[in-house]
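Chains as they are written, first to last, in the numbering used here: chain A, 1 to 167; chain S, 1 to 67.
Think of the CB as a built atom: it goes at the ideal place given N, C-alpha and C, for glycine as much as any other residue.
Quick notes on the structure that follows.
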Amino acid sequence: MSPRAAARLETLGRTDVYEYQAGKLDWMAAGLPTEGTNATRPRAGTVARTDVPTASLSERVGDVRDRVRAAGWEAAVVIDPQRVVLGFLGAKELEKDGELTVEVAMKPAPSTFRPYVPIKEVADFLVKHDFQSSPITTSDGKLVGLVLRSDAVREAEGCPDCVRSMI
Amino acid sequence: MATHIDRDRLQELVEAGAQLIEVLPAREYEEDHLPGARSIPLKSLDRNALASLDPKRPIIVYCWDIA
């Protein structure tokens, strides 16, 4: 639609037209703010806990376990130096042999959500698949935070009509 | 032909005064739009709509995605 809009503006005589082809989807997937009736409703990106512990592939599981538990968590997201999500360590993975590397112990390529997804959709997915949490990532795969099922369900109960009508 | 820009360039241009126009239907604009954007649905993009825009400031158009 934006290519046609740009072309139309040019036929009307404007010569200074730019086109943001990636559009609103790209903007929202990057976790950037919007305005409008949906802007203040809870979404994956606003409910996500951004203080979730992270780990790198080469760490020992035992070291990560100690660090994660000391911070009051039972999970960590495995990321690369650019914060791209590579895997996940839940309670089950953190219980593995402490001498294993994270790379061996982790659950690879976890399911993720984009920050703009309404929280009810996240809650429904986590309940349906019996997941305790889900990482939230930008369109380039970088970690925003972790949504806990308990948080998602609570927020969704307060916003039962928080669903996408346009996506 | 319009210049294609990415997210970073969009933010630079808006900061420099460009006019941001969402060309999706108004209902979609009402739900979510980029900060500071105006709604001019594609079907309404005519000479009258153009007259409402500042002739001295560049225009950035966007919709949902590349389609």
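At least one CB atom of chain S sits nearer than 8 Å to the CB of glutamine 21 of chain A. The alpha-carbon separation between tyrosine 116 of chain A and glutamate 95 of chain A amounts to approximately 33 Å. The beta carbon of aspartate 65 of chain S sits closer than 8 Å to some beta carbon of chain A. For the C-beta of alanine 16 of chain S, not a single chain A residue is nearer than 9 Å; the gap to the nearest is close to 11 Å. Residues of chain S whose Cβ lies closer than 9 Å to the Cβ of proline 118 of chain A do not exist, since the nearest Cβ in that chain is about 11 Å away.
With fewer than 16 other CB atoms across the displayed protein chains lying within 10 angstroms of its CB, histidine 129 of chain A is exposed. Fully contained in the region 83-153 of chain A are the following beta strand (DSSP E) runs of length 3 or more, in chain order: 85-89, 133-137, 143-148.
Under the 8 Å criterion on CB atoms, threonine 37 of chain A is classed as interfacial with respect to chain S. Ranked by how close their Cα comes to the Cα of glutamine 82 of chain A, the residues A:Lys120, A:Val144, A:Phe125 have A:Val144 in first place. Between the region 99-116 of chain A and the region 70-85 of chain A there are three or more inter-stretch CB-CB distances shorter than 8 Å, so the stretches are counted as touching. In the displayed model, arginine 38 of chain S falls within a strand according to three-state DSSP. Against chain S, the beta carbon of proline 115 of chain A has no neighbour under 8 Å; the closest one sits roughly 12 Å away. Scanning A:Ala30, A:Thr37, A:Ala44, A:Gly13 for the CA closest to the CA of phenylalanine 125 of chain A turns up A:Ala44.
At a cut-off of 8 Å between beta-carbon atoms, alanine 2 of chain S makes contact with chain A. Listed by position along chain A, the residues whose Cβ is nearer than 8 Å to that of aspartate 54 of chain S form an empty set, because the closest Cβ is around 11 Å away.
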